[in-house]
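A.B. asks: Shown below is the structure under consideration.
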Amino acid sequence: NSKVIQTPRYLVKGQGQKAKMRCIPEKGHPVVFWYQQNKNNEFKFLINFQNQEVLQQIDMTEKRFSAECPSNSPCSLEIQSSEAGDSALYLCASSLQVNTEVFFGKGTRLTVV
Amino acid sequence: GDSVTQTEGPVTVSESESLIINCTYSATSIAYPNLFWYVRYPGEGLQLLLKVITAGQKGSSRGFEATYNKETTSFHLQKASVQESDSAVYYCALGDHNNRIFFGDGTQLVVKP
Chain A
1 NSKVIQTPRY LVKGQGQKAK MRCIPEKGHP VVFWYQQNKN NEFKFLINFQ
51 NQEVLQQIDM TEKRFSAECP SNSPCSLEIQ SSEAGDSALY LCASSLQVNT
101 EVFFGKGTRL TVV
Chain B
1 GDSVTQTEGP VTVSESESLI INCTYSATSI AYPNLFWYVR YPGEGLQLLL
51 KVITAGQKGS SRGFEATYNK ETTSFHLQKA SVQESDSAVY YCALGDHNNR
101 IFFGDGTQLV VKP
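Set out below in structure tokens:
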């Protein structure tokens, strides 16, 4: 069973508000990923880190999202100014190395009203 | 782009019947993609069911199996005899060598007792 812990499980924000979610990767896993799963069940890769360094991210993440994985603190994903279209399940995942098995958390379900 | 198409659900089968969930992929930017089946049981997070990284190889887990077919770009999931506990949502996925994963839309499997 995965030991990736995501908080909160549910998050409700108004449009224009900041929305921040956290992820504690499995112990010893330096590689962390964030995905967005929308109401149509479509997954979108957002960003990944190795230790504190960003490996890859998509344009949307660069412009409106900020993410970090500081040492000795939970990783976080923050939407600067929430939009209705950001309502989705945000999944955090971690792995031991870049190309080894990825373990997912249960997600944070964000609703933007 | 890189994408995955799988059987649209829900798929309903009776216990002890055989199952096949079709999956085809398109990997335009990844020369040798890794192929996965993930599963989400009710109330649980996504978890890896099986993974195959070499064309022509078969992966198996918990009675499920899938063969990486590069000629037909397919990775169909099969099980000879399903159980009620197999009821879940199954996601076919492909990944690059940085573990960025592209998921299909998921297939809900309902196994009737």
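Top to bottom, those sequences are chains A and B. First residue of the first sequence: 1, per the working numbering; consecutive thereafter. First residue of the second sequence: 1, per the working numbering; consecutive thereafter. Note that the Cβ used here is the ideal one computed from N, Cα and C, for glycine as well.
If we define contact as Cβ-Cβ less than 7 Å, is A/Lys27 a contact residue for chain B?
C.D. replies: As a working mapping, residue 27 of chain A is identified with position 27 in the first sequence. No, A/Lys27 does not count as interfacial toward chain B.
A.B. asks: Span of the alpha helix (DSSP H) holding A/Lys3?
C.D. replies: Mapped onto the first sequence, residue 3 of chain A falls at position 3. For A/Lys3, there is no enclosing alpha helix (DSSP H), as DSSP marks it with neither H nor E.
A.B. asks: Taking the straight line between their C-alpha atoms, what separation do you get for B/Ser3 and A/Gln15?
C.D. replies: One-based indexing of the second sequence puts residue 3 of chain B at position 3. One-based indexing of the first sequence puts residue 15 of chain A at position 15. Looking at the two C-alpha atoms, the distance is approximately 31 Å.
A.B. asks: By Cβ distance below 6 Å, which residues in the same chain neighbour B/Gly63 in space, the five residues on each side in sequence not counted?
C.D. replies: Taking the first residue of the second sequence as position 1, residue 63 of chain B is located at position 63. Here the set comprises Lys79.
A.B. asks: So, is the C-beta of B/Asn98 closer than 7 Å to a C-beta in chain A?
C.D. replies: Numbered from its first residue, the second sequence carries residue 98 of chain B at position 98. Yes, B/Asn98 lies at the interface with chain A (some Cβ there is under 7 Å from its Cβ).
A.B. asks: Is B/Ser74 helix, strand or coil when you go by DSSP?
C.D. replies: If you number the second sequence from 1, residue 74 of chain B lands on position 74. Correct three-state label for B/Ser74: strand.
A.B. asks: Nearest to A/Ser82 by alpha carbon, out of A/Tyr35, A/Ala19, A/Arg9?
C.D. replies: Taking the first residue of the first sequence as 1, we reach residue 82 of chain A at position 82. Here the closest residue by C-alpha is A/Ala19.
A.B. asks: With C-beta atoms as the reference, is A/Phe33 less than 7 Å away from A/Asn48?
C.D. replies: As a position in the first sequence, residue 33 of chain A is number 33, starting the count at 1. As a position in the first sequence, residue 48 of chain A is number 48, starting the count at 1. Going by C-beta atoms, A/Phe33 is nearer than 7 Å to A/Asn48.
A.B. asks: By the DSSP assignment, the beta strand (DSSP E) with A/Lys13 in it spans what residues?
C.D. replies: Against the first sequence, residue 13 of chain A aligns to sequence position 13. It spans 10-13 - the beta strand (DSSP E) in which A/Lys13 sits, taken as one unbroken run.
A.B. asks: Going straight from the alpha carbon of A/Asn38 to that of A/Gln97, what length do you get?
C.D. replies: As a first step, residue 38 of chain A is located in the first sequence; it is residue number 38 there, counting from the start. As a first step, residue 97 of chain A is located in the first sequence; it is residue number 97 there, counting from the start. Each residue's Cα considered, the two are about 27 Å apart.
A.B. asks: Looking at A/Val31: is its Cβ nearer than 7 Å to the Cβ of A/Gln50?
C.D. replies: As a position in the first sequence, residue 31 of chain A is number 31, starting the count at 1. As a position in the first sequence, residue 50 of chain A is number 50, starting the count at 1. Contact: yes.
A.B. asks: Quick one: list the residues of chain A neighbouring B/Gln57, beta-carbon separation under 9 Å, in chain order.
C.D. replies: Counting from 1 along the second sequence, the entry for residue 57 of chain B is found at position 57. By Cβ distance, chain A contributes nothing, its closest Cβ being about 16 Å from B/Gln57, past 9 Å.
A.B. asks: Specify whether the region 87-97 of chain A and the region 78-94 of chain B touch according to this definition: at least 3 beta carbon pairs, one from each stretch, less than 8 Å apart.
C.D. replies: The answer is no - the region 78-94 of chain B does not touch the region 87-97 of chain A, with fewer than three Cβ pairs under 8 Å.
A.B. asks: Suppose contacts are defined by Cβ-Cβ distances below 7 Å. Is A/Asn41 in contact with B/Gly45 by that definition?
C.D. replies: The residue given as residue 41 of chain A occupies position 41 in the first sequence. The residue given as residue 45 of chain B occupies position 45 in the second sequence. Contact: no.
A.B. asks: What are the complete beta strand (DSSP E) segments, minimum 3 residues, inside the region 18-53 of chain A?
C.D. replies: 19-24, 31-37, 43-50
A.B. asks: Kindly list, in the order they appear in chain B, the residues whose Cβ is closer than 7 Å to that of A/Glu42.
C.D. replies: One-based indexing of the first sequence puts residue 42 of chain A at position 42. Asp105, listed in chain order.
A.B. asks: Report back the beta-carbon spacing between A/Leu55 and B/Asn34 to the nearest angstrom; my notes put them in contact at under 8 Å.
C.D. replies: Against the first sequence, residue 55 of chain A aligns to sequence position 55. Against the second sequence, residue 34 of chain B aligns to sequence position 34. No, A/Leu55 and B/Asn34 are not in contact; Cβ-Cβ is about 16 Å, not under 8 Å.
A.B. asks: Would you please verify whether the beta carbon of A/Gly16 is less than 7 Å from any beta carbon of chain B?
C.D. replies: Along the first sequence, read from residue 1 onward, the residue named residue 16 of chain A stands at position 16. Closer than 7 Å: no.
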